[in-house]
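For reference, the structure is listed below as structure tokens.
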Amino acid sequence: MPKILAIETSCDETAAAVAEYGDKPFRVLDSVVASQIKIHMATNGVVPEVAARAHIQKISPVVKESLKKSGVDLEDIDVIAVTYGPGLAPSLLVGAEFAKGLALAESKKVLPVNHMLGHLYSALISNPKLPLPNINLIVSGGHTHLVYLATGKKGLPGKYKVIGSTVDDAAGEAFDKVAKMLGLAYPGGPSVAKAAAHGKKDYAFPRPMLNDKNYDFSFSGLKTAVLYKIAGEKLNVRDPQVQADIAMSFENAAIDVLVKKTIRAAKEYKAKSISISGGVAANQKLRAELDKAAKKIGLPLAIPAFELCTDNASMIANAAAIMLRQGYKPVEPEKIKIDPAADL
Ligand code: KG4
Ligand code: ZN
Numbered sequence: 005m006p007k008i009l010a011i012e013t014s015c016d017e018t019a020a021a022v023a024e025y026g027d028k029p030f031r032v033l034d035s036v037v038a039s040q041i042k043i044h045m046a047t048n049g050v051v052p053e054v055a056a057r058a059h060i061q062k063i064s065p066v067v068k069e070s071l072k073k074s075g076v077d078l079e080d081i082d083v084i085a086v087t088y089g090p091g092l093a094p095s096l097l098v099g100a101e102f103a104k105g106l107a108l109a110e111s112k113k114v115l116p117v118n119h120m121l122g123h124l125y126s127a128l129i130s131n132p133k134l135p136l137p138n139i140n141l142i143v144s145g146g147h148t149h150l151v152y153l154a155t156g157k158k159g160l161p162g163k164y165k166v167i168g169s170t171v172d173d174a175a176g177e178a179f180d181k182v183a184k185m186l187g188l189a190y191p192g193g194p195s196v197a198k199a200a201a202h203g204k205k206d207y208a209f210p211r212p213m214l215n216d217k218n219y220d221f222s223f224s225g226l227k228t229a230v231l232y233k234i235a236g237e238k239l240n241v242r243d244p245q246v247q248a249d250i251a252m253s254f255e256n257a258a259i260d261v262l263v264k265k266t267i268r269a270a271k272e273y274k275a276k277s278i279s280i281s282g283g284v285a286a287n288q289k290l291r292a293e294l295d296k297a298a299k300k301i302g303l304p305l306a307i308p309a310f311e312l313c314t315d316n317a318s319m320i321a322n323a324a325a326i327m328l329r330q331g332y333k334p335v336e337p338e339k340i341k342i343d344p345a346a347d348l
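Its first residue numbered 5, the sequence shown is counted upward by one per residue in the working numbering.
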């Protein structure tokens, strides 16, 4: 079975995975993620140069560990897959240059993989037979996309089309900003979700663009509504109950829009399944609400395991495996170029 070594360093996780693909189903042999959460807690957010320095320190041990744990020698790897973008330039460079170096030393080829494509296909890792066409909601720290995924050849995913995006902040970014307003710890998404679980009072924040006849999102106005509520009512954001109420109200509003627009897209595009991906897809409430809504319209919902929602290299290996089976060819290492603003 051909083997892939995948490397992902687009933001603040240094990740590597070894996987098998081919005629048998795609299988991850081992996946390692070195999280930088503790480092970025000190600055309450990611400082790109600090992230890059941490990637430099971790990349070699992480790749070695994934090879060792999977019991595969580097020389037995067929293709090295690496995230080329989108992401933070200093972070992307570390992974791309490392992959290039490895490939040059071992005379191997490299397959550049789009980070968002990794997220898009991540729902297929544990649901390879998911009925297509599919509507996937990608909700990460930097992006919010609704994507239509068509049926391709040989049961593989076909063409994809971004049918809607955020016009301002990404969903994860909004969670992170609200967390900052409430003085909650980095990373904001999980902190807001944790506080929201104790919420009692719902401030009924606005649901931006909910009824617009498109699939775009906007989270900047919702974030401002939170800010005005706190300032206007002079709320004490150090009070855990205030934190919980604001967090819950924000979460309810954001999830309401995400779920309703995803369901509307699935219906209008006559999708046969729905999926979610990206860091915010780790949110329990979003998972539960989308599950309820998908059941109501009788469509299967694929949700990646938690560790496949936030950044990881298994999803890059999986996207690479799909691309190779679709006929994409790996390239000479010198051809690898990062693209921090890459589109899906
Ligand atoms: O996909 P990801 O790991 O990195 C990017 O590609 O951006 O997504 C990170 C985002 C962050 O904004 C983080 O706060 C958010 O995902 N996130 C969550 C949860 N876990 C992570 N947002 C809401 N609820 C969560 N449980
Ligand atoms: Zn991501």
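Just so it is clear, CB atoms sit at the ideal spot from N, CA and C, and this is done for glycine as well.
Because the structure is a prediction, the values reported are computed rather than measured.
In the structure shown, what three-state DSSP assignment does residue i receive?
i    : result
F179 : helix
V151 : strand
F30  : coil
F223 : coil
D77  : coil
Y273 : coil
G187 : coil
S130 : coil
Quick check: residue i and residue j, are their CB atoms within less than 8 angstroms of each other?
i    : j    : result
V246 : L239 : yes
I280 : V83  : no
L33  : V76  : yes
L160 : R329 : yes
E14  : V36  : Strictly speaking, residue 14 in this sequence is Ser, with Glu absent from that position. No, these two residues do not count as a Cβ contact at 8 angstroms.
N140 : L124 : yes
E101 : L78  : no
I307 : K271 : no
A199 : A251 : yes
K227 : D173 : yes
A85  : I340 : no
Given the structure, does residue i come close to ligand 1, in the sense that its CB is under 7 angstroms from one of the ligand's heavy atoms?
i    : result
G193 : yes
E69  : no
V86  : no
G331 : no
G176 : yes
V284 : yes
Could you pull the DSSP bridge partners for residue i from this structure?
i    : result
A20  : I11, V36
K113 : V83
G89  : N118
P161 : T155
G168 : L150
N140 : V151, S279
A306 : S279
V335 : V114
Would you mind giving the Cβ-Cβ distance between residue i and residue j, rounded to the nearest angstrom? I have them listed as a contact below 8 angstroms.
i    : j    : result
P337 : L108 : 5 angstroms
A208 : S253 : 7 angstroms
V284 : G193 : 6 angstroms
Comparing the C-beta of residue i with each C-beta of chain B, is any distance below 8 angstroms?
i    : result
N287 : The chain labelled as chain B is not found in the depicted structure, where only one protein chain is given.
Within 7 angstroms: the Cβ of residue i and any heavy atom of ligand 2?
i    : result
S144 : yes
D260 : no
D315 : yes
H59  : no
H123 : yes
H149 : no
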